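Chemist:
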Amino acid sequence: MNLTELKNTPVSELITLGENMGLENLARMRKQDIIFAILKQHAKSGEDIFGDGVLEILQDGFG
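By the count of our numbering, the sequence shown reaches residue 55 at its end, each step adding exactly one.
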């Protein structure tokens, strides 16, 4: 499951996806909370979650 794809998915499709996974009360949640619930359920099944982004390394070595 790809986090970026979920962020670009309309809320109505996220609700349908979540309901197919057995999640409830999704219509009352914000989009961000729906995505988190879907990812949490997906992780419980032991499957991978992918995301992408940029990591900026600061002068002190932290990013």
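A virtual CB, placed ideally from N, CA and C, is assigned to each residue, including glycine. Treat the numbers as computed from the prediction; the structure is a model and nothing was measured.
Would you call the stretch 39 to 46 in contact with the stretch 9 to 21, where contact means no fewer than 3 C-beta pairs closer than 8 Å?
Modeler: At 8 Å Cβ cutoff, the stretches do not touch.
Chemist: Under 8 Å, do A29 and G10 count as touching if we go by C-beta distance?
Modeler: Yes; because the gap between Cβ atoms is below 8 Å, this pair is in contact.
Chemist: Scan the stretch 9 to 50 and note each continuous alpha helix (DSSP H) run of 4 residues or more that stays entirely inside, going in chain order.
Modeler: Complete alpha helix (DSSP H) runs here, min 4: 23 to 36.
Chemist: Considering only heavy atoms of the ligand ATP, does any lie closer than 7 Å to the CB of N12?
Modeler: For the ligand ATP, the structure offers nothing, since it holds no ligand at all.
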